[in-house]
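Asker: Its first residue numbered 74, the sequence shown is counted upward by one per residue in the numbering used here. Note that the Cβ used here is the ideal one computed from N, Cα and C, for glycine as well.
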Amino acid sequence: MEGLNILFASDMHGNKIQYNKLFDYAAKNSFDLLILGGDITPKDAVNRTPQKQEEFLEKYLFKKILEFTKKSKIKILIILGNDDFRSNEEILKKNQSKGYMYIGQKSTIFEKLSIIGYSYVPITPFKFKDWEKHDLSNKKEDRKDILMEGLVNAGLKKSFKLTDRKDNIETDLNKLAIDKHAVLVSHSPPYNTNLDILIDDRHVGSEALRKIIVEKQPLLVLSGHIHETVRISGKYSDKIGKTICLCTGNDNLSENIALIEIRIKRSKISFKRLII
Numbered sequence: 074m075e076g077l078n079i080l081f082a083s084d085m086h087g088n089k090i091q092y093n094k095l096f097d098y099a100a101k102n103s104f105d106l107l108i109l110g111g112d113i114t115p116k117d118a119v120n121r122t123p124q125k126q127e128e129f130l131e132k133y134l135f136k137k138i139l140e141f142t143k144k145s146k147i148k149i150l151i152i153l154g155n156d157d158f159r160s161n162e163e164i165l166k167k168n169q170s171k172g173y174m175y176i177g178q179k180s181t182i183f184e185k186l187s188i189i190g191y192s193y194v195p196i197t198p199f200k201f202k203d204w205e206k207h208d209l210s211n212k213k214e215d216r217k218d219i220l221m222e223g224l225v226n227a228g229l230k231k232s233f234k235l236t237d238r239k240d241n242i243e244t245d246l247n248k249l250a251i252d253k254h255a256v257l258v259s260h261s262p263p264y265n266t267n268l269d270i271l272i273d274d275r276h277v278g279s280e281a282l283r284k285i286i287v288e289k290q291p292l293l294v295l296s297g298h299i300h301e302t303v304r305i306s307g308k309y310s311d312k313i314g315k316t317i318c319l320c321t322g323n324d325n326l327s328e329n330i331a332l333i334e335i336r337i338k339r340s341k342i343s344f345k346r347l348i349i
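#1: Would you decide whether L292 is buried or exposed? Buried here means 16 or more other CB atoms lie within 10 Å of its CB.
#2: Closer than 6 Å by C-beta to I151: which residues in its own chain qualify, once you throw out the five before and the five after it? Chain order, please.
#3: DSSP on S259, reduced to helix/strand/coil?
#4: Going along the chain, which unbroken runs of the alpha helix (DSSP H) with 4 or more residues stay wholly within the region 117–161?
#5: Name the residue from S296, K312, K230 and K341 whose alpha carbon lies nearest to the alpha carbon of N350.
#6: Taking just the CA atoms, how far does K341 sit from K248?
#7: Can you tell me whether A250 is buried or exposed, with buried defined as 16 or more other CB within 10 angstroms of its CB?
#8: Using 9 Å as the limit for Cβ to Cβ distance, is G76 near chain C?
#9: Run the CB neighbour count on V359, radius 10 Å, all protein chains shown included, and call it buried at 16 or more, exposed below.
#10: Whole angstroms are fine: how far does the CA of N329 sit from the CA of K144?
#11: Do G154 and H300 have their C-beta atoms within less than 9 Å of each other?
In structure tokens:
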């Protein structure tokens, strides 16, 4: 691989000003890939419904992508995040002809690199549970602030039981073809890093993700999810063994968007975070 230039963004939550800046910046620079790492649809009180998020995708984002790809050869990869209703996953799958590839819970090969997407996050204190799972297969949750009952697709009840951990992030990740040549796009950051710190200094990332990074040593991990972590830690990167882990730390309430530029050349990685 001679060189691969990636632009990574996440957690825009439907902020059209940020999207406009993102696509304008991507069009003016030499990137091979634009990766959207989840939480791409609105979550404000008015628009946080499956129907409103679907409307955002069909009436805004798909049109924006189609307009962009008519002028640019940059490939676009997308995953959903925990604030994107899973009922709209099929819409994303069906509209890939608009100029993007949906890589949720699967991989694609680009320039000999395996790029793998994964949307699920450990159980949160929030009520919408579409993209939440138990983290490890054999450990009781020791966090006291998580909400074990909630809703999926905004209406159906979902309950988690500590005694039933068959459906978990650890098992999912072990099924994915993660190796030293992989770029893993995980909405959740790995646990106990600069990338998973809440405003009260607690670490809330995925222990399962950290475990598989230690075991498999992927080339790169790209995450979002924890908006304030960069502000709290003062850093947007970390290393687990040889694996470089990055997060955007984007503030979706701002008119400015936080992006990460990545350059991969002969398995060497350079990167920078910018706010535009």
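Answerer: So, to answer that:
#1: Classification for L292: buried.
#2: L109, Y173 and Y175
#3: Strand.
#4: 123–129 and 135–144
#5: An answer regarding residue 350 cannot be provided, because it is not within the stretch 74 to 349 covered by the chain.
#6: 27 Å
#7: exposed
#8: Included in the structure is just one protein chain, with no chain C present.
#9: There is simply no residue 359 to check, as the chain begins at 74 and stops at 349 in what is shown.
#10: 24 Å
#11: no
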